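In this note's numbering, the protein residues as written are 385 to 629.
Glycine is no exception: its CB is placed at the ideal position from the N, C-alpha and C atoms.
These figures come from a predicted structure and were not determined experimentally.
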């Protein structure tokens with residue numbers, strides 16, 4: 385009987401040993417499996433984070449490119465606006481220069497005397513002339529300098545109205561261009577001669593009271609020919625050329 389009991393202990397010990405080994409192996413497998421699962425989760429999370437980061441970088445780069453494109457467009461638009469503004473300023477300056485040049489050209493005509501008072505006007509009726517008055521009278525003292533109203537060439541000069549009749553007294557006629565002449569009459573003295581070229585504002589005579597005159601003054605005409613009978617309104621003409629009469 386004692387032998388049978390004694391023989392059971394080794395078997396039980398072996399069984400327990402095998403169970404312990406099996407349990408240990410199972411535990412190891414569980415631990416290893418958990419570790420592998422944890423490693424897989426970490427890798428997946430890392431990959432997802434990398435993808436999100438790459439997408440964010442791509443979006444940032446695209447936004448930066450778009451911002452640069454918008455900035456370049458804005459710079460281009462600004463340059464175009466500045467160029468347009470500069471062109472407009474240049475055109476305005478050219479227009480202003482042309483206007484000034486035209487005004488200067490027009491203003492190259494002047495009044496034939498200074499410090500005057502207008503007396504008998506163009507086409508005025510009166511007993512001092514056979515027909516209507518053919519010019520504009522400037523009331524000035526005898527000896528007042530008479531100037532060429534515009535540059536040109538003297539075509540008539542002297543007494544007897546320089547060929548237009550004694551009513552004009554001493555007179556001068558200057559040709560300024562095609563169909564444009566100026567006449568100065570009732571002079572006390574003449575300082576130019578036929579064929580002489582004169583400049584605008586050059587003294588050509590002194591005012592007086594010669595010929596058919598009731599007092600010292602300058603009789604001034606604008607004509608379309610050098611001869612009597614072709615006069616136009618001299619005040620209208622001068623004002624049309626920038627002269628304040």
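Based on the DSSP secondary-structure assignment, which residues constitute the bridge partners of residue i?
| i | result |
| --- | --- |
| residue 591 | 571 |
| residue 605 | 567 |
| residue 502 | 522 |
| residue 615 | 607 |
| residue 584 | Per DSSP, none; premise fails for residue 584. |
| residue 536 | 582 |
Looking at residue j and residue i, is the spacing between their C-beta atoms short of 8 Å?
| i | j | result |
| --- | --- | --- |
| residue 591 | residue 530 | yes |
| residue 493 | residue 622 | yes |
| residue 570 | residue 593 | yes |
| residue 609 | residue 581 | no |
| residue 553 | residue 595 | yes |
| residue 572 | residue 543 | no |
| residue 633 | residue 509 | Shown here, the chain extends from 385 to 629; a query on residue 633 therefore has no answer. |
| residue 547 | residue 615 | no |
| residue 540 | residue 557 | yes |
| residue 589 | residue 568 | yes |
Taking the alpha-carbon of residue i as reference, which of the options has the nearest alpha-carbon?
| i | options | result |
| --- | --- | --- |
| residue 584 | 560, 554, 628 | 560 |
| residue 587 | 437, 502, 482, 533 | 533 |
| residue 578 | 525, 446, 457, 555 | 555 |
| residue 619 | 547, 506, 558, 600 | 506 |
| residue 545 | 455, 605, 437 | 605 |
| residue 549 | 612, 600, 459, 475 | 612 |
| residue 607 | 501, 575, 565, 589 | 565 |
For residue i, name the three-state secondary structure that DSSP assigns.
| i | result |
| --- | --- |
| residue 542 | strand |
| residue 663 | Nothing can be reported for residue 663: it is not among the residues displayed for the chain, which extend from 385 to 629. |
| residue 620 | helix |
| residue 529 | strand |
| residue 408 | With a pLDDT of only 47 at residue 408, under 50, the local geometry of the prediction cannot be trusted, and the value read off the model is given with reservation. DSSP places residue 408 in helix when its eight states are reduced to three. |
| residue 423 | Unreliable positioning characterises residue 423 in this predicted model, as indicated by a pLDDT of 49, which lies under 50. A coordinate reading is not provided. |
| residue 690 | Residue coverage of the chain in this structure runs from 385 to 629, which leaves residue 690 outside it and unanswerable. |
| residue 444 | helix |
| residue 497 | coil |
| residue 597 | coil |
| residue 507 | coil |
| residue 626 | coil |
| residue 415 | Reliability of the predicted coordinates at residue 415 is poor, the pLDDT of 44 falling under 50, and the value obtained from them is presented with this limitation in mind. Reduced to three states, the DSSP call for residue 415 is helix. |
| residue 549 | coil |
| residue 459 | helix |
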